[in-house]
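Protein chains in written order, with this note's numbering: chain U, 273 to 850; chain Z, 273 to 850.
Below is the structure:
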């Protein structure tokens, strides 16, 4: 088999950027964990119910060498019944209403999604954990409740929801991508699981994520890599990459991811679905596995991925207003989700486009997508201006310093315990900032100070310009190729991590466009790269590899104005869908 | 002159607790700063307008050796006109209304308060900075505006407000108690000043605070110590001690303090006035001088001190809803102040009393005050239960570790620059936690983790018990004696810092009781002290020293339920005033 040219950086270039010492991965130690990994994989395979699977002959052997479109396959597979097709094509909002009105039972709905999920998993490897029989029992109890009382238990009654595996689930292994956490079985559900369960959600699948949770890809030493459902060569994104695959394949109508540097938004964009990185402290992250315990310089958030703007809003409003997460997690603000009853008209909206962050130039399909957006929005009466990046180099440096400012202390413990080998993108994330060099508390405080100054600059920008949303690329390109352990994977996080350090609510919406090798040709006469990282990212653009990859953007608003972001986002979505 | 026995700990005991090395105070370096200190003092003395002063013969020479009650003096002094007495006895709410209805002009009001302030300063030394003539010009322009337009500029139109000196004031030295900051003249106003000015406030006096801002006393090498207005031997508290003196003497109807360990609440309690430590991020602290830049493990807040609950509410509501601080300071949440239109009836209220935090037993007047409260509230129909302290030792240890976890890095820089001598309570605060030993970022994160666990325990307590407010001592005793550089000063912060680490909104309200040597006698047969710090605090209770000191308590509610704390607080205040 000939190796595909993926434009990956040479070993020499990448190694020149490393800022860590791997004195903790340990093949002999890892050997002892292999039986646990094997048992986990067997359990996953067994729980992906055999009766739901398509014949192995349907699954190409070439998934990792030639593009395969799982979404196209699923849309017409006869292995799903006509009713299953109908049900799984509904949004969460529609499902909730159909179940409440007894058009479908919770059990019917769950089975349809579980069936589709198992098939999607055969192609994309998006799941870590299935528990379909328990879910059927739960769905049945919801049906019984509705039959008996005539009432739903909450707004999400019977809605199947996929969960990023990292969120602690009572009684089930919760590893977060670390082999050493195959021993971790939480006694209690993470708060977000508890809240969603109270609202009536049904859980049946938990989804994949990368080693360390710090890649924009989803690969680990436990279940391996998740493929993009549009093109099997590409990454499904990360760290909530399993969710991107789940929602885009309609293995679930709604999923929950987490995001500290792009981990909801990259998967949503790469999958061509909707995703919201809310402002911090609106959706609970309590009870999850991560290396960031007690880290609050750049705080992780949880948020939804979905197939429609209605579902994004439905999730946020139900979760916050009826879920009252602050009663379970003191970290969440008791700030109700405000209903914006009079959305702005297109002519009242002002957006600013960031064409280039000044550090790493976007690939051709991204630039084409921005032009498309500009044209569509302008035609609809929206005021579109150019956004001149504000201190993006500073923001990049500060947030990457923050990620690792414990000198990889926690990662080294969590990885070192099993001695598992380090994936290339793990080596990359361990090299962020100062890598193994721990900062002092005084230096960490100084980073916080610079972060706050950056936040002030962007807040002033919004207040003074009257811009509703800044539109920006989610990543340099569409989903990159992530075969071969993702050595051609996504290295540059600057487009997403910018909004994490600023803690600004950011929506990802698909344009409906897809990469087209015939149109999105490689640019000639590119100026000399401004940095090694720009060179790495530019070299990866080999048009024919990216066929069918969705083009989606970030829409960013003011801190804690999540409601306005969603409201204006819906108007823009309406313009794009017209 | 014989030295008063203040029950201060011996030099040996105190020094045994020190965890810092003073290799940075430097008499010869300090010598060079003395002219700046002298100039500052002269300017202060000159700007305390001579025509407002009472004759020096009115000011006892024995202020620092025998109790003197400035409040009693002021209440009947003939040096204030009858109209000045009337005006300065109004609350901020009443003043705003009287000015808006043109009963008084802004100039009249300002002059009355400025006059009273200058006199109060002669006795208590509460001010750092007067600028009365500028304030008269400002008040005149507000009067002109009202005359011309018939409208006020905002809800605080013409209301005189005193400001803790630490808050950056454009064009005026802002030192925060550090001699080296006598060179610091901010170009811009702190956000809270900008917000209040937009609402119509008039500024004329900035108030004293301690060296480092980390004492529950207010003494520094720039202007010296502020005396308690009820009893000149006692401390006015700290770090917003100037504000406690200002509001209790009615030198201002409303003041702004800041609080990271008790700095609004101790001064409010020691002064017998109302004070609110809001939850973080509701009132801006941007633009202030402090050693905590970028520190966010235990975050400082700003909040009001006032002479009535109405004024506390008036301040919070005006500041937040009309001031919209989030437009100027991205750190503030865009969370409106909710009006609670149907306050709970006494019989719907449940409170829990913390009689002792399990670490340092309160002095007799505090225990008497709690009994008084219990009786009054019970009689009114309030349900009163006992609060069993939750992990108070852990909370004390964690928050004190947090304060110093940079190993005093910033304090050493800020103090060391001038070489100023260290006051006893500075030595004490430099010894918090691990003193000079800097923690690692990983250790700091671990403290945050423990903090979050504590917050969860207390949140669970509120949610599960249905308790509206926890009532607790503000300090071990009433205001302690702070002559002789406060070596008998307040060492134990556990009662206030508990609510900082938990970030719970906490109101201070006076009971109306005062310490009475005849009633609050020293307890005999006290059990052996549980710790050195308990022994130190117990030894200081020498009943006759504390005559006239007010007894006030903390009332603490759920995080971000500031509105409920104020609303229930008003009901309780009503019961106490009946």
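Glycine included, C-beta positions come from ideal geometry on N, C-alpha and C.
query                                                                                                                                  : result
According to DSSP, residues forming a beta bridge with residue 859 of chain U                                                          : It is not possible to answer for residue 859 of chain U, since the shown part of chain U is limited to 273 through 850.
Alpha carbon of residue 609 of chain U to alpha carbon of residue 832 of chain Z, nearest angstrom                                     : 15 Å
Whole-number beta carbon distance between residue 327 of chain Z and residue 340 of chain Z, since they are thought to touch under 8 Å : Between residue 327 of chain Z and residue 340 of chain Z the Cβ distance is about 16 Å, and since that is not below 8 Å, they are no contact.
Neighbour flag for residue 714 of chain Z against chain U, beta carbons, 9 Å                                                           : yes
Beta-carbon spacing of residue 519 of chain Z, residue 578 of chain Z below 9 Å                                                        : yes
As assigned by DSSP and simplified to three states, the class of residue 499 of chain Z                                                : strand
Separation of residue 665 of chain U from residue 659 of chain Z, as counted between CA atoms                                          : 51 Å
Listed by chain order, chain U residues near residue 677 of chain Z by CB distance under 7 Å                                           : 713
Cβ-based neighbour list, residue 460 of chain U, same chain, cut-off 6 Å, excluding 5 preceding and 5 following                        : 442
Where residue 718 of chain Z meets chain U, residues with beta-carbon distance less than 9 Å                                           : 565 and 566
Beta-ladder partner(s) of residue 828 of chain U, from DSSP                                                                            : U:742 and U:778
The region 295-314 of chain U / the region 688-707 of chain U touching (three or more Cβ pairs under 8 Å)                              : yes
Cβ-heavy atom distance, residue 478 of chain Z to the ligand PLP, below 8 Å                                                            : Here there are no bound small molecules, and the ligand PLP is not part of this structure.
Same chain only: Cβ atoms within 7 Å of residue 646 of chain U, ignoring 5 sequence neighbours per side                                : 625 and 656
Interface flag, residue 599 of chain Z vs chain U, CB-CB below 9 Å                                                                     : yes
C-alpha gap between residue 781 of chain Z and residue 823 of chain Z, whole angstroms                                                 : 9 Å
Residue 824 of chain Z: contacting residues in chain U (beta-carbon distance under 9 Å)                                                : Those within 9 Å of residue 824 of chain Z in chain U number zero; the least Cβ separation is about 27 Å.
For residue 753 of chain U, the three-state DSSP class (helix, strand or coil)                                                         : strand
Contact list for residue 603 of chain Z against chain U, beta-carbon separation under 8 Å                                              : 724 and 727
Distance CB(residue 494 of chain Z)-CB(residue 447 of chain Z) smaller than 9 Å                                                        : yes
Test: residue 593 of chain U CB closer than 9 Å to a CB of chain Z                                                                     : no
Every unbroken alpha helix (DSSP H) inside the region 600-663 of chain Z [4 residues or more]                                          : 636-651
Candidates U:683, U:560, U:406 and U:599: closest to residue 467 of chain U by CA position                                             : U:599
Residue closest to residue 612 of chain Z, alpha-carbon to alpha-carbon, out of Z:703, Z:370, Z:451 and Z:843                          : Z:843
Distance CB(residue 396 of chain Z)-CB(residue 498 of chain Z) smaller than 9 Å                                                        : yes
Straight-line gap, residue 850 of chain Z to residue 581 of chain Z (C-alpha atoms, nearest Å)                                         : 14 Å
Three CB pairs or more closer than 8 Å across the region 422-430 of chain Z and the region 543-553 of chain Z                          : no
Residue 762 of chain Z - DSSP class collapsed to helix/strand/coil                                                                     : coil
Segment contact flag, the region 631-647 of chain U with the region 719-735 of chain U, C-beta cutoff 8 Å, min 3 pairs                 : no
C-beta atoms of residue 387 of chain U and residue 356 of chain U nearer than 9 Å                                                      : yes
Minimum C-alpha distance to residue 685 of chain U - residue among U:451, U:848 and U:436                                              : U:451
Under 7 Å from the C-beta of residue 831 of chain Z: neighbouring residues of chain U                                                  : 602
Within-9 Å CB hit, residue 588 of chain U to chain Z                                                                                   : no
Whether residue 768 of chain Z touches residue 826 of chain Z by CB criterion (9 Å)                                                    : yes
Proximal chain U residues relative to residue 661 of chain Z, where beta-carbon distance stays under 9 Å                               : Simply none; closest approach about 18 Å.
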